[in-house]
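Numbering-wise, this note's numbering puts 386 at position 375 of the sequence shown, and it's gapless, one number per residue.
Beta carbons are placed, not taken as given, at the ideal position from N, Cα and C, and that holds for glycine.
Beneath this line is the structure, given in structure tokens, with notes to follow.
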Amino acid sequence: MPRAALLSALTVLVAAVILRRGQFGNPIAGLDEQLYLLAGQRMWHGELPYVAIWDRKPFGLFLLFAAIQAIPGNPFLIAQLVATGFSAATAWVLALFAQRWTGWGPATLTGLFYLAGEIELWGDTTQSPVFYNLAVAAAALLTWRASRPGNREGADTRIIAAMLLAGLAVQVKTNAVFEGTFFALWHLGSRWRAERDAMNLARRTALLAVVGASPTLAVMAFYAGIGAFPAWWQANVLSILAKGRPQDAAVAGMFTETWLLILPIVVLTLFGLWVRMRGRTGIDADSGFMIGWVAAAAVDFIAIGGYYPHYALPLLLAASLPIAHAFAFGRIGKAVFVLALLWPLAHTQIFIPRSGARDRAIAEQVRAAIPADVRTRCLFVFEGPVAYYQLTDACRVTRYPFSAHISSRREAAALGEPPRVALDAAMSRRPGTVITVTAPARPDRNAAMEARLLGDLHRDYRPIAYRPHRFFTTNETLVIWRRNDLR
């Protein structure tokens, strides 16, 4: 490895650790991440996703977290350290890609900007794009290499590898299909311009489609082989079609907040494209690839609604190539880089460590208040962090451990069974301890399910502790309920 490349790799690795350290060891950071880790743990005990633990995320994501769970140590910290490694690797692949136009200096700055942008877009723990962005970045680089005019040697191997990586990314989050489709179309377009052979293009199209779909086909075959294909189909296909799109005022607020966060990325992308194309007549092939990738990532961002900041992480990834040109624009580019990192540095070195320490203290308070017999008498988290199942080694009474499933209006038609049936089944198993949240801030809360549960709780349970809880930036209170016949 050339010295400049090695120095770039070491720089982004050290930066990734420094920028992400504030959340290290925080078990209740985020929401979805806690479910991924729990599902990964339970897979080692024979509990398969979609069968024993319900969610609609692809199987590859849970398999990844099962691998993380195999590493000895604090599972929350281990997962965050693995995510840090993935982030650093992604930043370096971006630098490797960008240096072909800008040199290693501005390219490394781009990697640093990506790492800082990840934090601001809620990618500071173990959200799925933190992992699959690496596969997408590598697929983009391989596609670009395989599609350059006159660069036929090794092109077939590169594009097949790119499609396989894109397929693996889809098995971490389905939305990556948009980027994978763009890479395939870009390559097919380049081959058509070079050959004008319709039959060869058709054969190549079929090959790329099969390679890209192969990870998903393998998972489908696995579930069919064990007789659980209906469970896979319901979670991965039917539930996506049945889930309601967010339409309330809170979602509009989230859309606005996320757009404010990505506005600097949009501005820098446009500036970088201007720097790259100034003095040119028309859009050259490399600029077209950058623009197309950004467009595919934008579709990824808006496709499922919700508009949470971490949904924009693939957009940050794609935008990094044109942004590298902005940072290569002489002294102005360096000044822009410094300005762009002022807030992320303050945020990651001052504010996130404080909130991370507060979360760790809260998690310990709640863990200490939960009775020890949840290992045998079980815990039911109706609303609250999934992490408390793992922190207390509790048994569960439901296949819906994620609190936003039974308790959400949007999920009411997507579970494969009515939420009241799922709730009644959980409570019929008489969990010794139940966790709820007083007046939860979740905008799509299912009031009917809350009322149904509270009826059971007021009849058969008593509150034994009230502890703090933070839902993103909203302070709430967790209520720990104990069954009346238990001490």
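May I ask you to report which of helix, strand or coil DSSP gives residue 428? coil
Residue 489: first and last residue of the uninterrupted beta strand (DSSP E) it sits in: Where residue 489 is concerned, the enclosing beta strand (DSSP E) stretches over 485-494.
Alpha helix (DSSP H) runs contained entirely in the region 293-320, provided each spans 4 or more residues: With a minimum length of 4 residues, the continuous alpha helix (DSSP H) runs that stay inside the region 293-320 are 296-313.
Do residue 126 and residue 31 come within 9 Å of each other at the CB atom, strictly closer than that value? yes
Straight-line Cα distance separating residue 60 from residue 403: 21 Å
Cβ-Cβ separation, residue 405 to residue 374 (assumed contact under 8 Å), whole Å: In fact, because the Cβ distance is near 14 Å, the residues do not count as touching under 8 Å.
Could you pull the start and end residues of the alpha helix (DSSP H) that residue 408 belongs to? Run containing residue 408: none; DSSP gives neither H nor E here.
The region 260-279 in contact with the region 321-341 per 3-pair CB rule at 8 Å: Counting C-beta pairs with one atom in each stretch, the region 260-279 and the region 321-341 have three or more that are closer than 8 Å, which means they touch.
Tell me where the beta strand (DSSP E) around residue 391 begins and ends. From DSSP, the beta strand (DSSP E) with residue 391 extends over 390-392.
Residues of its chain near residue 344, where Cβ-Cβ distance is below 7 Å and the 5 sequence neighbours each way are ignored: 117, 337 and 338
State buried or exposed for residue 496, treating a residue as buried only when at least 16 other CB atoms are found within 10 Å of its CB. exposed
List the endpoints of the continuous beta strand (DSSP E) containing residue 476. 472-482
DSSP state of residue 38 mapped onto helix, strand, coil: DSSP, read as helix, strand or coil, puts residue 38 in coil.
Given residue 420, which residues of its chain have a CB within under 6 Å of its CB, disregarding the five upstream and five downstream residues? Cβ neighbours of residue 420 beyond the five flanking positions: 455 and 457.
Count the other C-beta atoms from every protein chain shown that fall within 10 angstroms of the C-beta of residue 483, then say buried if there are 16 or more, exposed otherwise. exposed
Using a Cβ-Cβ cut-off of 8 Å (strictly less than) and excluding sequence neighbours within five positions of residue 378, which residues of its own chain qualify? 399, 402 and 403
Rounded to whole angstroms, what is the Cα-Cα separation between residue 74 and residue 154? 26 Å
May I ask you to verify whether the region 358-366 touches the region 123-137, counting CB pairs closer than 8 Å and requiring at least 3? yes
Leaving out the 5 sequence neighbours to the left and right, which residues in its chain are closer than 8 Å to residue 429 when beta-carbon positions are compared? 423
Can you tell me where the beta strand (DSSP E) holding residue 446 begins and where it ends? From DSSP, the beta strand (DSSP E) with residue 446 extends over 444-449.
Does the contact criterion of 3 or more C-beta pairs under 8 Å hold for the region 346-360 versus the region 107-124? yes
Between the C-alpha atoms of residue 4 and residue 162, what's the straight-line distance to the nearest angstrom? Coverage of the chain is limited to positions 12 through 498, which leaves residue 4 absent and any answer about it impossible.
Would you tell me roughly how many angstroms separate the C-alpha atoms of residue 340 and residue 129, rounded to the nearest one? 23 Å
Whole-number beta carbon distance between residue 103 and residue 19, since they are thought to touch under 8 Å: 6 Å
Whole-angstrom Cβ separation of residue 108 and residue 272, contact assumed at under 8 Å? Contact between residue 108 and residue 272 is absent: CB atoms are separated by about 24 Å, not below the 8 Å threshold.
Would you call residue 34 buried or exposed, if buried means 16 or more other Cβ atoms sit within 10 Å of its Cβ? buried
Does the ligand HEM have even one heavy atom less than 8 Å from the beta-carbon of residue 217? Ligands in the displayed structure: none, and consequently the ligand HEM is not present.
Bridge partners - residue 456, DSSP secondary structure assignment: 419
Considering residue 243, what are the terminal residues of the alpha helix (DSSP H) in which it resides? 240-244
Can you give me the C-alpha to C-alpha distance between residue 316 and residue 266, rounded to a whole angstrom? 9 Å
Quick check: the Cα distance between residue 110 and residue 298, rounded to an integer number of angstroms? Computed Cα separation, rounded: 15 Å.
DSSP three-state label for residue 130, please. helix
Output yes or no for whether 9 Å exceeds the beta carbon distance between residue 395 and residue 444. With respect to residue 444, residue 395 sits apart: the two C-beta atoms are not nearer than 9 Å.
Only counting the same chain, and skipping five residues up and downstream in sequence, which positions put a Cβ closer than 7 Å to that of residue 36? 85, 87, 88 and 371
My guess is that residue 53 and residue 39 are in contact by the Cβ rule of under 8 Å, so how many angstroms apart are they, rounded? At roughly 19 Å, the Cβ-Cβ gap does not stay under 8 Å, so residue 53 and residue 39 are not in contact.
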